[in-house]
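Counting the first sequence from 1 gives a position; our numbering is that position plus 3. The beta carbon of each residue, even a glycine, is placed where N, CA and C say it ideally should be.
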Amino acid sequence: MAAKKNYWLVKSEPVKYSWGQFVKDGETVWDGVRNYQARNNLKAMKNGDEVLFYHSKEGMAVVGVAKVSKEAYQDPSTGDERWVVVNLKPAKALKTPVTLEEIKKDKKLQNMKLLQQGRLSVSPVSEDEFHTIVDHGSKKS
DNA sequence: GCCAACGTTGGC
DNA sequence: GCCAACGTTGGC
């Protein structure tokens with residue numbers, strides 16, 4: 004076991020699907036991804052991988068951490084075989100949301116895909132970046 | 001609400 | 001296979 008764990012970041016517009024709703028649901032199917040890069044990232048997710056949950060537009064902050072509870076499978080919301088989904092479960096909420104502004108200010112986070120490619124909805128995060136963010140989120144600001 | 005950036009599509 | 005047009009996303 005103990006294959007190396009990977010880290011990711013997914014975004015959602017809170018208007019559409021918020022962290023609060025996610026926690027209430029207990030588990031969700033991450034569907035609606037219609038972008039190849041994002042799709043490839045979904046496919047690379049493994050059970051137990053940790054995923055930063057980011058609110059785009061309204062909020063613009065990482066608000067919690069989720070875990071992959073089911074690896075990629077065919078998107079049930081479309082017959083198109085190209086698209087896949089994963090299941091995610093909330094792992095823990097961040098005490099303080101880590102805002103985009105804060106991420107931009109942190110030297111260690113300058114290489115994040117989030118900053119380089121703002122529009123990508125599922126992106127890889129390095130272990131360092133992951134821990135840095137969770138660190139920010141566990142502090143009172 | 002606006003605008004810029006990017007990805008995707010379709011015509012050639 | 002290339003490139004222009006279009007649509008969508010997301011920050012401000």
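TODO: Give the secondary structure of residue 104 by DSSP, where H, G and I count as helix, E and B as strand, and everything else as coil.
DONE: helix
TODO: Would you identify the three-state DSSP class for residue 141, choosing helix, strand or coil?
DONE: helix
Open item on the list: Just to confirm before moving on: does the CB-CB distance between residue 16 and residue 61 stay below 9 Å?
Closed with: yes
Task: Test item: CB-CB of residue 91 and residue 70 under 9 Å - done: yes
Open item on the list: Rounding to the nearest angstrom, what Cα-Cα distance links residue 82 and residue 45 in this structure?
Closed with: 18 Å
Open item on the list: Is the beta carbon of residue 47 closer than 9 Å to that of residue 68?
Closed with: no
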